[in-house]
Amino acid sequence: MTESIQKRLLRIRPPRVRITYDVETGGAIEKRELPFIVGVFADLSADREDPENFPPLKERTMVDIDRDNFNDVLKTAAPRVKLSGVDDVLSDPPGKLSGAIVFKTLDDFEPLNIVTAVPLLNERYVARTEIRMVQARSETDDVLAALLDAVTVPATGGALRDKLVATYVPADGADKWKAAAVTPSLDPTAEVDAKLLGRWVNDQSTPEEKEAAQILVGRFVAEVVAPLNDKLKADPDFQVTRGATALIDARVGEIDAALSRQLSAIMHAENFQTIEATWRGMFYLVSRTETGTMLKLRVFNATRQELLKDMEKAVEFDQSTIFKLIYEAEYGTYGGAPYSLLLGGYEFGGAGEDIRFLRKITEVAAAAHAPFLAAADPRLFGLDGYDKLAKPRDLAKIFEGADLGEWREFRQLEDSRYVSLVLPHVLLRLPYGEKTLPAEGINFAEDVAAQDNRKFLWGNAAYVLAERITNAFALYSWTAAIRGVEGGGLVEGLPQYVFDTDAGTRELFCPTEVSITDRREKELNDLGFIALCHCKGAGKAAFFGGQTTNLPKKYITDDANANARISAMLPYILAASRFAHYIKVIMRDKIGTFLTRGNVESFLNTWIAQYVLLDDNATQEVKASYPLRQASVVVTEVPGEPGAYRATVFLKPHFQLEELTTSIRLVANLPK
Numbered sequence: 104m105t106e107s108i109q110k111r112l113l114r115i116r117p118p119r120v121r122i123t124y125d126v127e128t129g130g131a132i133e134k135r136e137l138p139f140i141v142g143v144f145a146d147l148s149a150d151r152e153d154p155e156n157f158p159p160l161k162e163r164t165m166v167d168i169d170r171d172n173f174n175d176v177l178k179t180a181a182p183r184v185k186l187s188g189v190d191d192v193l194s195d196p197p198g199k200l201s202g203a204i205v206f207k208t209l210d211d212f213e214p215l216n217i218v219t220a221v222p223l224l225n226e227r228y229v230a231r232t233e234i235r236m237v238q239a240r241s242e243t244d245d246v247l248a249a250l251l252d253a254v255t256v257p258a259t260g261g262a263l264r265d266k267l268v269a270t271y272v273p274a275d276g277a278d279k280w281k282a283a284a285v286t287p288s289l290d291p292t293a294e295v296d297a298k299l300l301g302r303w304v305n306d307q308s309t310p311e312e313k314e315a316a317q318i319l320v321g322r323f324v325a326e327v328v329a330p331l332n333d334k335l336k337a338d339p340d341f342q343v344t345r346g347a348t349a350l351i352d353a354r355v356g357e358i359d360a361a362l363s364r365q366l367s368a369i370m371h372a373e374n375f376q377t378i379e380a381t382w383r384g385m386f387y388l389v390s391r392t393e394t395g396t397m398l399k400l401r402v403f404n405a406t407r408q409e410l411l412k413d414m415e416k417a418v419e420f421d422q423s424t425i426f427k428l429i430y431e432a433e434y435g436t437y438g439g440a441p442y443s444l445l446l447g448g449y450e451f452g453g454a455g456e457d458i459r460f461l462r463k464i465t466e467v468a469a470a471a472h473a474p475f476l477a478a479a480d481p482r483l484f485g486l487d488g489y490d491k492l493a494k495p496r497d498l499a500k501i502f503e504g505a506d507l508g509e510w511r512e513f514r515q516l517e518d519s520r521y522v523s524l525v526l527p528h529v530l531l532r533l534p535y536g537e538k539t540l541p542a543e544g545i546n547f548a549e550d551v552a553a554q555d556n557r558k559f560l561w562g563n564a565a566y567v568l569a570e571r572i573t574n575a576f577a578l579y580s581w582t583a584a585i586r587g588v589e590g591g592g593l594v595e596g597l598p599q600y601v602f603d604t605d606a607g608t609r610e611l612f613c614p615t616e617v618s619i620t621d622r623r624e625k626e627l628n629d630l631g632f633i634a635l636c637h638c639k640g641a642g643k644a645a646f647f648g649g650q651t652t653n654l655p656k657k658y659i660t661d662d663a664n665a666n667a668r669i670s671a672m673l674p675y676i677l678a679a680s681r682f683a684h685y686i687k688v689i690m691r692d693k694i695g696t697f698l699t700r701g702n703v704e705s706f707l708n709t710w711i712a713q714y715v716l717l718d719d720n721a722t723q724e725v726k727a728s729y730p731l732r733q734a735s736v737v738v739t740e741v742p743g744e745p746g747a748y749r750a751t752v753f754l755k756p757h758f759q760l761e762e763l764t765t766s767i768r769l770v771a772n773l774p775k
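Residues in the sequence shown are numbered consecutively from 104, following the working numbering.
In structure tokens:
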């Protein structure tokens with residue numbers, strides 16, 4: 104029997120969940136879906152030029168971002184890095200650099216663009232470019248090539264070198280060759296400086312052309328001839344066995360080595376690495392997310408300290424700017440679409456300020472039913488880096504200390520299931536080098552060592568998990584498929600850096616800072632962390648657990664304990680929150696229809712029942728149409744507020760999820 108077109112499409116296209124609600128427009132019923140919106144909070148500006156006059160939090164807005172406008176958003180944020188803390192490794196005596204680098208596109212983080220943005224480096228790069236131009240001209244002009252070689256011959260070129268140095272390199276070392284009084288000539292008996300200049304220009308050349316040629320000749324003398332002359336005078340026995348072309352190559356190599364040393368110092372500065380990691384992490388998420396009308400990314404530029412200050416100074420959590428951005432601007436506005444996921448480009452440890460922030464953001468996330476993702480700081484484990492994560496024998500004992508009492512209290516909060524912390528760091532790009540990631544326009548060898556991974560560009564793994572979530576929604580309109588190699592948790596295309604070990608073998612550098620074993624991943628999952636586990640010998644990794652920071656309650660029976668643990672997992676929170684969003688939006692459209700408590704409860708139960716399937720053995724295609732095994736809504740009146748209702752939703756999602764023996768419980772205040 105021939106396979107039907109519908110079955111063939113189901114085989115090619117994954118089954119999709121379609122949750123809708125009815126809206127009456129012009130007498131007709133229109134079915135609408137809610138988009139999946141990710142709100143990203145991060146410090147996008149770094150070292151602000153004028154922090155005191157930066158727009159206050161309440162004047163900033165969430166900005167839509169996608170592949171097309173990524174650089175526009177970056178330019179508006181104007182990320183800036185001060186160089187005052189970077190060592191000047193080229194000057195004698197060494198000191199500190201000055202000034203700052205302002206980035207306008209993601210390409211501005213590339214080595215060549217950094218060179219041109221720093222005057223000290225740009226000057227050397229210009230010298231490199233100009234002597235390369237002399238070299239290129241000599242390859243097509245045999246007379247010029249012979250002249251250059253004659254100048255560099257030790258035995259016979261001394262007088263020629265002295266003449267050129269006297270003309271183009273004054274005693275004070277200043278570059279005054281633009282004003283050098285040299286008349287170009289093609290006469291073989293003319294002075295060497297005139298003959299060199301004559302290979303570029305003549306009497307009919309414009310002043311601009313003569314000046315450009317003068318600069319090239321002067322640069323060749325200053326960078327190649329003068330150093331050679333000094334060496335020969337200091338050591339008459341110094342041997343030069345190569346011609347001018349080889350000497351230029353050697354000088355370019357010296358300039359590249361000097362630029363590499365200074366570039367490495369700049370790019371490995373903490374403030375530079377932080378802002379580069381932020382924007383490359385953002386680009387990872389944006390470039391791999393199929394944004395459109397049903398899937399949106401929005402960013403908000405703020406430091407962690409700014410957000411904490413705003414939330415703490417608010418009398419109630421619903422008075423803070425961040426609450427108004429996430430909740431009121433969407434839920435509280437007709438036509439607004441609720442945020443489905445919040446992402447913080449920050450790291451959190453166990454310090455008091457960190458826990459205070461998590462407590463405050465939890466209130467916002469729970470009210471908006473939008474889980475919050477961020478990174479776990481290695482200092483939470485008492486480590487200065489995740490490369491040492493394998494050393495502690497028992498991670499659980501670390502969290503029994505008195506200094507982490509606030510962390511334990513936070514985990515016991517019911518709303519802490521709306522917070523997920525991800526680890527370890529993930530490698531965002533290969534180090535620059537000829538065999539790894541060649542830099543355009545310069546032979547840049549980034550100073551890194553596999554034994555000390557601090558110089559690699561590590562980023563926030565929460566961006567990677569967020570990409571898995573947006574990928575799941577793009578495929579299924581459902582965000583449960585984010586765990587396991589075959590279940591949607593596989594991360595591919597990570598940078599693969601191969602290095603030589605002390606034993607003489609070549610090994611693949613772990614792109615997740617540390618290789619996490621199955622036993623350690625289980626430990627981390629039980630402690631409330633989501634770990635990204637590297638696949639040995641490959642540029643792949645996977646999320647296997649999905650535990651939020653919530654500490655599941657303990658019960659008498661094993662089934663109850665298993666249910667409590669599963670109910671605190673991120674895929675279930677995302678699935679349940681999706682229905683909570685629909686219920687709130689549906690009731691927002693019903694404002695003013697004079698519904699009683701019983702009417703509201705009946706209406707919501709009728710709506711949600713259309714997504715319930717009682718068949719546990721149904722195919723995934725059928726479950727996609729009916730993603731819930733069981734669902735009910737209980738509506739109660741809010742005491743002291745006539746006409747205000749609160750919905751308690753009980754859900755058992757079963758599409759792409761493990762079986763629950765009891766329902767997940769969510770509470771949502773209905774619009775009034």
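We treat Cβ as the ideally placed atom computed from N, Cα and C, and that holds for glycine.
Alpha carbons only, please: which of the options is nearest the one belonging to residue i?
| i | options | result |
| --- | --- | --- |
| Ala552 | Thr604, Val166, Ala747 and Arg227 | Thr604 |
| Ala405 | Gly592, Thr424, Phe144 and Gln238 | Phe144 |
| Trp561 | Ala721, Arg383 and Ser680 | Arg383 |
| Met370 | Glu549, Leu492 and Ala316 | Glu549 |
| Gly453 | Pro441, Leu486, Glu433 and Ala469 | Leu486 |
| Leu366 | Ser241, Ala469, Leu224 and Val272 | Leu224 |
| Ser390 | Ala645, Arg700, Asp169 and Tyr228 | Asp169 |
| Ile689 | Asn708, Pro674, Met672 and Ala671 | Asn708 |
| Ile545 | Arg135, Val715, Val229 and Val295 | Val229 |
| Thr164 | Leu186, Glu433 and Gly301 | Glu433 |
Tell me which residues share the same chain as residue i and place their Cβ nearer than 8 Å to its Cβ, disregarding the 5 neighbours each side in the sequence.
| i | result |
| --- | --- |
| Leu516 | Arg462, Thr465 and Asn653 |
| Ser680 | Ser443, His472, Ala473, Pro474 and Leu769 |
| Glu133 | Asp125, Val126 and Glu127 |
In whole angstroms, what separates the C-alpha of residue i from that of residue j?
| i | j | result |
| --- | --- | --- |
| Ala329 | Leu263 | 11 Å |
| Arg586 | Asp359 | 45 Å |
| Lys207 | Leu400 | 20 Å |
| His472 | Pro598 | 34 Å |
| Phe323 | Gly198 | 28 Å |
| Ala634 | Ser618 | 10 Å |
| Ala747 | Glu704 | 13 Å |
| Gly640 | Gly488 | 22 Å |
| Ile676 | Leu411 | 24 Å |
| Thr381 | Phe420 | 27 Å |
| Gly321 | Leu177 | 40 Å |
| Arg557 | Pro614 | 13 Å |
| Leu112 | Lys416 | The pLDDT assigned to Leu112 is 46, lower than 50, so where the model puts this residue is not dependable, and the model offers no usable value. |
| Thr608 | Tyr600 | 14 Å |
| Arg571 | Arg622 | 23 Å |
| Val295 | Arg240 | 17 Å |
| Thr348 | Leu247 | 11 Å |
| Arg135 | Thr123 | 5 Å |
| Arg231 | Val522 | 52 Å |
| Ser148 | Met397 | 29 Å |
Looking at residue j and residue i, is the spacing between their C-beta atoms short of 7 Å?
| i | j | result |
| --- | --- | --- |
| Leu250 | Leu299 | yes |
| Ile204 | Ala220 | yes |
| Leu209 | Phe386 | yes |
| Val304 | Glu312 | yes |
| Asn332 | Val268 | yes |
| Arg514 | Gly435 | no |
| Arg183 | Asp211 | no |
Could you pull out every residue in the same chain whose Cβ sits closer than 6 Å to the Cβ of residue i, ignoring the five residues on either side in sequence?
| i | result |
| --- | --- |
| Arg732 | Lys755 and His757 |
| Asp457 | Phe451 |
| Ala282 | The predicted position of Ala282 is uncertain, since its pLDDT is 49 and thus under 50; a value taken from the coordinates is nonetheless stated next. Taken in chain order, the list of residues that qualify is empty. |
Near residue i, what residues of its chain come up, given a Cβ to Cβ distance below 7 Å and the 5 sequence neighbours on each side ignored?
| i | result |
| --- | --- |
| Arg119 | Tyr579, Ser580 and Ala727 |
| Phe647 | Arg586, Gly587, Gly592, Glu624 and Cys636 |
| Pro729 | According to the sequence as given, residue 729 is Tyr; it is not Pro. Excluding sequence neighbours, Tyr729 sits near Tyr714, Val715 and Leu716. |
| Arg520 | Thr651, Asn653, Ala671 and Ile676 |
| Ile378 | Ala149, Pro182 and Val184 |
**Prompt:** Are at least three pairs of beta-carbons, each pair with one atom in the stretch 539-552 and one in the stretch 659-675, less than 8 Å apart?
**Reply:** The stretch 539-552 is not in contact with the stretch 659-675.
**Asked** Between the stretch 549-568 and the stretch 430-449, are three or more C-beta pairs nearer than 8 Å?
**Response** yes
**Request:** Evaluate contact between the stretch 190-202 and the stretch 147-160, counting only Cβ atoms and requiring at least three cross-stretch pairs below 8 Å.
**Result:** By the criterion of at least three beta-carbon pairs nearer than 8 Å, the stretch 190-202 is not in contact with the stretch 147-160.
**Request:** Take every Cβ of the stretch 519-526, pair it with every Cβ of the stretch 478-485, and state whether three or more of those distances are shorter than 8 Å.
**Result:** yes
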